[in-house]
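In our numbering, the protein residues as written are 2 to 186.
Positions of the beta carbon are idealized from the N, C-alpha and C atoms, including for glycine.
All values reported here derive from a predicted model rather than from experimental measurement.
Everything on this sheet refers to the single structure shown next.
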């Protein structure tokens, strides 16, 4: 992590007013070992300095603003750690597309279904696209039959998110893994 990136990451959590940057004259002091009470800012600053800690404005929109006596650098570190952990827990779902033609051979069909199953096991959505060319457009029912075979083959593992529908020269269907089946990342 470069110095500039590190600084910008810390600046994100620098939104709190600390010590002399607190503008209110009276504040509501809360925190460890302190009875919640309204006191002048100068007294709150004095209490914080006696403990070698910082006075941090936690909730500036309250009247009077809520402040807490804490170690600000440790507080910033904890906030950054929580944000990093939350980002790590976010799950990105990718949509994998499998393309085929209406006159697909059985072995190729099995292979495509096997790949779809692998994608679903990885937690991805799968979009099946059946492409028509030339005179194949005269028989769209063949494409819907192929989509029906896919649904039958995967029915125990998938939930249909978008039923097969024709869009121009293509028939598309989107499936996701059923809850409880497949691996989660």
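_Which same chain residues end up closer than 8 angstroms to residue 11 when comparing Cβ atoms and leaving out the 5 residues on each side of it in sequence?_
Bear in mind that the predicted position of residue 11 carries a pLDDT of just 49, short of 50, making it too unreliable to give a figure here.
*Going by the beta-carbon positions, is the gap between residue 175 and residue 100 smaller than 7 angstroms?*
No.
*By DSSP, does residue 119 sit in helix, in strand, or in coil?*
Three-state result, residue 119: helix.
*Measure the C-alpha to C-alpha separation of residue 24 and residue 94 and round it to an integer number of angstroms.*
Approximately 45 angstroms, taken between the alpha carbons.
_Residues bridged to residue 31 [DSSP beta-bridge criterion]_ = Answer by DSSP bridge pairing, in chain order: 69.
*My understanding is that residue 125 touches residue 96, with C-beta atoms under 8 angstroms, so please give their C-beta distance in whole angstroms.*
So it is a contact: roughly 7 angstroms between Cβ atoms.
*Give the straight-line distance between the Cα atoms of residue 64 and residue 156, rounded to the nearest whole angstrom.*
Cα to Cα, the separation comes out at about 58 angstroms.
*Do residue 177 and residue 162 come within 7 angstroms of each other at the CB atom, strictly closer than that value?*
Residue 162 places its beta carbon less than 7 angstroms from that of residue 177.
_Does residue 26 pass the burial test, meaning 16 or more other C-beta atoms within 10 Å, or should it be called exposed?_
The residue is exposed, with fewer than 16 neighbouring Cβ atoms inside 10 Å.
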